[in-house]
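Protein chains in written order, with my numbering: chain A, 212 to 499; chain B, 7 to 452.
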């Protein structure tokens with residue numbers, strides 16, 4: 212048997228998967244870990260309602276905006292994100308958040324791209340209105356968990372070809388935290404503690420990476436990551452408010468069209484995952 | 007001359023098991039002797055709304071008051087009107103109201119129907135130089151921003167250009183600074199914090215006829231919602247206990263940079279724990295700290311101030327809450343002559359065991375919109391011991407043995423106590439459950 216051929220076939224099969232499937236598996240695993248080991252305050256009805264509402268809104272908007280096909284994958288990713296982050300006393304609030312998340316993709320658009328990451332915009336609206344909250348410390352500081360998240364997440368971003376935005380964001384964020392510690396004369400255990408946050412890693416690997424809401428060119432994405440990191444840290448250390456990264460992404464997202472204009476690149480298409488270069492390579496699936 | 011020791015939120019306090027008398031409001035206590043539960047504990051109350059913050063710092067300082075000094079980083083320069091001396095009794099009331107509790111239930115006669123009675127035990131505690139050389143201060147880059155006397159305390163608000171100067175100034179003025187505090191002072195100075203320094207004015211204390219130190223209160227407006235714990239971990243001998251009570255309008259408070267965890271609650275435990283509830287709770291807490299890798303912040307109580315069920319102590323009155331800094335209750339307080347129950351006050355009680363290794367960063371908080379009630383409550387279920395005989399009673403007596411075993415295992419898991427000793431204390435056999443007949447033996451036994 213020709214192993215080279217088998218390997219080539221497997222690789223091709225792997226590449227032809229929609230990267231969002233990996234995203235769903237990774238986020239799903241994290242949610243289950245949170246539920247079983249960390250006892251997250253999320254009930255099964257709440258999870259069911261989140262999924263139901265996101266998928267229903269996606270379907271309704273698909274019909275309303277006359278899209279050719281109903282694509283549930285992005286909606287499932289948004290639902291998982293909401294289940295992982297959002298906490299509320301009133302279970303119906305999660306349905307509201309789900310509707311906001313999905314509807315924002317269809318309503319707030321600029322040049323055929325949606326402006327905000329759906330989970331991000333829904334979370335901020337719910338927090339600001341006092342209907343729900345996020346517990347940034349819910350993952351604790353167990354190091355291996357962070358490592359696990361990083362590994363699983365990196366798989367996702369490699370397939371989604373947005374590893375650059377994650378690495379750039381984490382690089383700037385960690386670098387600035389260390390710089391702050393050095394300036395204050397703090398021991399490095401403090402920035403290390405700040406980085407040991409599951410919430411930060413999930414944000415970096417699963418939220419900021421959304422190819423639809425990041426700039427099209429690599430240089431644009433790196434500039435964008437810098438802006439998000441700077442805004443996030445300003446929210447934390449100048450305004451003294453929690454959830455810095457979420458605010459950073461929300462505030463910087465409207466700048467993406469501007470960045471795209473200054474540094475143009477090709478728009479991302481989920482069905483044709485590229486490796487993030489300026490010109491996407493055409494990939495032919497051997498299995499089909 | 008003895009120099010005051012700078013405590014920095016690390017008062018040496020004892021946490022006492024409080025014993026109370028019968029209360030008509032909602033049940034009665036099971037009395038307990040004074041038992042030291044937690045060593046090296048301090049208590050802080052934070053009332054906060056719209057960035058307006060009132061912090062009450064209580065301590066049960068046991069040494070010579072001449073030795074006592076407190077240094078706390080604060081975000082703004084505090085005027086005399088922003089500093090106040092509170093009442094220890096109110097803080098004790100708050101501590102009693104929110105303490106972990108023991109509840110008693112009594113099994114019904116299985117041959118008849120239910121009778122229920124509640125009893126609760128309160129678990130925890132009560133804790134609770136004038137010749138300044140301005141010239142020298144200027145040379146060291148230290149500015150005395152304000153200096154005044156409030157109650158029995160002499161207060162200084164210091165700002166400084168650099169930590170070395172501040173440290174020298176404090177040392178020269180008779181404060182003993184723990185070794186290694188310099189870098190922490192440096193960090194706080196860079197973050198533009200001022201230092202609130204309090205010492206006891208012995209003359210004034212004698213004049214007021216006080217024998218204990220009353221809690222100090224400071225009021226300020228700042229977006230910073232944090233508690234500086236780093237100075238307290240410098241040179242500390244082992245981990246320290248901190249109880250933080252939050253009085254907020256919207257809902258529960260949690261830490262954003264550490265995991266906030268609810269303690270296990272509503273667990274049924276063996277009856278003999280009634281006399282050892284203090285030990286039980288202390289060991290349970292230690293066990294939970296270990297489970298969270300010594301990095302957890304624990305919720306002991308989160309409740310709307312309007313009520314409680316069961317009540318370890320009555321809810322605080324509007325006047326008491328006002329004295330702790332609840333400023334948003336004005337009109338209601340006047341209307342009810344201060345005796346009514348508070349509305350729009352949510353109490354969160356957090357308990358942290360911290361040291362420098364596991365808590366390198368100051369505690370940072372956020373107020374959530376969570377209004378779900380939570381209490382650390384543990385249950386004693388008294389068996390029915392009547393003589394009646396019926397099929398249900400036989401079945402009940404059989405189930406009792408399984409229940410005792412379950413309670414023993416729960417207790418062992420919660421506290422880390424030896425299961426063999428628990429069974430012995432409960433007068434259980436070694437294998438009480440397994441001595442029943444096998445299922446197939448029962449199947450054909452008739």
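Glycine included, every Cβ here is placed at the ideal spot set by N, Cα and C.
Closer than 7 Å, CB to CB, is residue 257 (chain A) near chain B or not? If you number the first chain from 1, residue 257 (chain A) lands on position 46. By the rule that beta-carbons nearer than 7 Å mark a contact, residue 257 (chain A) does not touch chain B.
Determine the DSSP secondary structure at residue 165 (chain B), reduced to helix, strand or coil. By one-based count along the second chain, residue 165 (chain B) stands at place 159. Looking at residue 165 (chain B) - three-state DSSP - the assignment turns out to be strand.
Could you please give the first and the last residue of the uninterrupted alpha helix (DSSP H) stretch that includes residue 400 (chain B)? Indexing the second chain from 1 puts residue 400 (chain B) at position 394. Note, residue 400 (chain B): alpha helix (DSSP H), 397-421.
With a threshold of 7 Å between beta carbons, is residue 300 (chain A) in contact with chain E? Protein chains A and B are contained in the structure displayed, whereas chain E is not.
Distance, Cα to Cα, residue 49 (chain B) vs residue 64 (chain B)? Here the question's residue 49 (chain B) lines up with position 43 in the second chain. Here the question's residue 64 (chain B) lines up with position 58 in the second chain. Those two C-alpha atoms are separated by around 5 Å.
Do the segment 368-382 of chain B and the segment 256-264 of chain B touch if we need at least three Cβ pairs shorter than 8 Å? Touching, yes.
For residue 256 (chain B), the first and last residue of its enclosing beta strand (DSSP E): Position 250 of the second chain holds residue 256 (chain B). Boundaries cannot be given for residue 256 (chain B), as no beta strand (DSSP E) includes it and DSSP labels it neither H nor E.
Between residue 409 (chain A) and chain B, is the shortest Cβ-Cβ distance under 7 Å, so that the two count as touching? Indexing the first chain from 1 puts residue 409 (chain A) at position 198. Between residue 409 (chain A) and chain B, the shortest Cβ-Cβ separation is not below 7 Å.
Can you check whether the CB of residue 165 (chain B) is closer than 7 Å to the CB of residue 149 (chain B)? One-based indexing of the second chain puts residue 149 (chain B) at position 143. One-based indexing of the second chain puts residue 165 (chain B) at position 159. In this structure, residue 165 (chain B) lies closer than 7 Å to residue 149 (chain B) by Cβ.
Can we say the segment 430-441 of chain A touches the segment 307-324 of chain A, given the rule of at least three CB pairs closer than 8 Å? Verdict: no, contact absent.
Of the listed residues A:300, A:264, A:239 and A:320, nearest to residue 276 (chain A) (C-alpha basis): In the first chain, the residue the question calls residue 276 (chain A) occupies position 65. Closest by alpha carbon: A:320.
Given residue 29 (chain B), which residues of its chain have a CB within under 6 Å of its CB, disregarding the five upstream and five downstream residues? Position 23 of the second chain, counted from the first residue, corresponds to residue 29 (chain B). With a pLDDT of 25 at residue 29 (chain B), under the threshold of 50, the predicted position of this residue should be treated as unreliable, and no value is reported.
From residue 406 (chain A) to residue 383 (chain A), what does the alpha carbon distance come to, in whole angstroms? Residue numbering aside, residue 406 (chain A) sits at position 195 when the first chain is read from its first letter. Residue numbering aside, residue 383 (chain A) sits at position 172 when the first chain is read from its first letter. Residue 406 (chain A) and residue 383 (chain A) have their C-alpha atoms spaced approximately 12 Å apart.
Return the Cβ separation of residue 434 (chain B) and residue 411 (chain B) in integer angstroms, given the expectation that the two are a contact with Cβ distance under 8 Å. For this step, residue 434 (chain B) is matched to residue 428 along the second chain. For this step, residue 411 (chain B) is matched to residue 405 along the second chain. Contact between residue 434 (chain B) and residue 411 (chain B) holds: their C-beta atoms lie close to 7 Å from each other, under 8 Å.
Buried or exposed: residue 33 (chain B), going by 16 or more other Cβ atoms within 10 Å of its Cβ? Looking up residue 33 (chain B) in the second chain gives position 27. With a pLDDT of only 25 at residue 33 (chain B), under the threshold of 50, the placement of this residue in the model should not be trusted; the figure read from the coordinates follows. Residue burial annotation: residue 33 (chain B) is buried, with at least 16 other C-beta atoms found within 10 angstroms of its C-beta.
Anything in chain A within Cβ reach of residue 378 (chain B), meaning under 7 Å, just list it in chain order. As a first step, residue 378 (chain B) is located in the second chain; it is residue number 372 there, counting from the start. In chain order: 300.
According to DSSP, is residue 124 (chain B) part of a helix, a strand, or is it coil? As a first step, residue 124 (chain B) must be located in the second chain, where it is residue number 118. With a pLDDT of 36 at residue 124 (chain B), under the threshold of 50, the modelled position of this residue cannot be trusted; read the value that follows with caution. Note: residue 124 (chain B) maps to coil in three-state DSSP.
Give me the DSSP bridge partner(s) of residue 79 (chain B). Along the second chain, one-based indexing puts residue 79 (chain B) at 73. Residue pairing by DSSP places residue 79 (chain B) opposite B:201 in a beta bridge.
8 Å Cβ shell around residue 398 (chain A) - same chain, five flanking residues per side excluded: On the first chain, residue 398 (chain A) is found 187 positions in, with the first residue counted as 1. Answer for residue 398 (chain A): 392, listed in chain order.
Classify residue 192 (chain B) as helix, strand or coil using the three-state DSSP reduction. For this step, residue 192 (chain B) is matched to residue 186 along the second chain. Secondary structure at residue 192 (chain B): helix, using DSSP grouped into helix, strand and coil.
Report the CB separation of residue 291 (chain A) from residue 238 (chain A) in whole angstroms; it is logged as a contact under 8 Å. What you label residue 291 (chain A) is simply residue 80 of the first chain in a count that begins at 1. What you label residue 238 (chain A) is simply residue 27 of the first chain in a count that begins at 1. Contact holds; Cβ gap of about 4 Å.
Any beta carbon of chain A sitting closer than 7 Å to that of residue 55 (chain B)? Taking the first residue of the second chain as 1, we reach residue 55 (chain B) at position 49. Answer no: the Cβ-Cβ gap between residue 55 (chain B) and chain A never drops below 7 Å.
Answer yes or no: do residue 367 (chain B) and residue 404 (chain A) have a C-beta to C-beta separation smaller than 7 Å? Sequence index remark: in the second chain, residue 367 (chain B) carries index 361 (1-based). Sequence index remark: in the first chain, residue 404 (chain A) carries index 193 (1-based). Result yes, Cβ atoms of residue 367 (chain B) and residue 404 (chain A) sit closer than 7 Å.
Rounded C-alpha distance that separates residue 342 (chain A) from residue 296 (chain A): Taking the first chain and counting its residues from 1, one reaches residue 342 (chain A) at position 131. Taking the first chain and counting its residues from 1, one reaches residue 296 (chain A) at position 85. In this model, residue 342 (chain A) and residue 296 (chain A) are separated by some 14 Å (Cα to Cα).
Note the first and the last residue of the continuous alpha helix (DSSP H) segment covering residue 293 (chain B). On the second chain, residue 293 (chain B) is found 287 positions in, with the first residue counted as 1. In the DSSP assignment, residue 293 (chain B) falls within the alpha helix (DSSP H) that extends over 283-297.
For residue 336 (chain A), which residues from the same chain have a beta carbon less than 7 Å from its beta carbon, with the 5 sequence-adjacent residues on both sides left out? Counting from 1 along the first chain, the entry for residue 336 (chain A) is found at position 125. Answer for residue 336 (chain A): 311, listed in chain order.
Report buried or exposed for residue 251 (chain B), applying the criterion of at least 16 other Cβ atoms within 10 angstroms of its Cβ. Mapped onto the second chain, residue 251 (chain B) falls at position 245. A buried status is given to residue 251 (chain B), since no fewer than 16 other beta-carbon atoms sit within 10 Å of its beta-carbon.
Per DSSP, residue 48 (chain B) forms a beta bridge with which residues? Your numbering for residue 48 (chain B) matches position 42 in the second chain. Its beta-bridge partners are B:248.
Determine whether the beta carbon atoms of residue 156 (chain B) and residue 89 (chain B) lie at a separation below 7 Å. One-based indexing of the second chain puts residue 156 (chain B) at position 150. One-based indexing of the second chain puts residue 89 (chain B) at position 83. A contact, by the Cβ cut-off of 7 Å.
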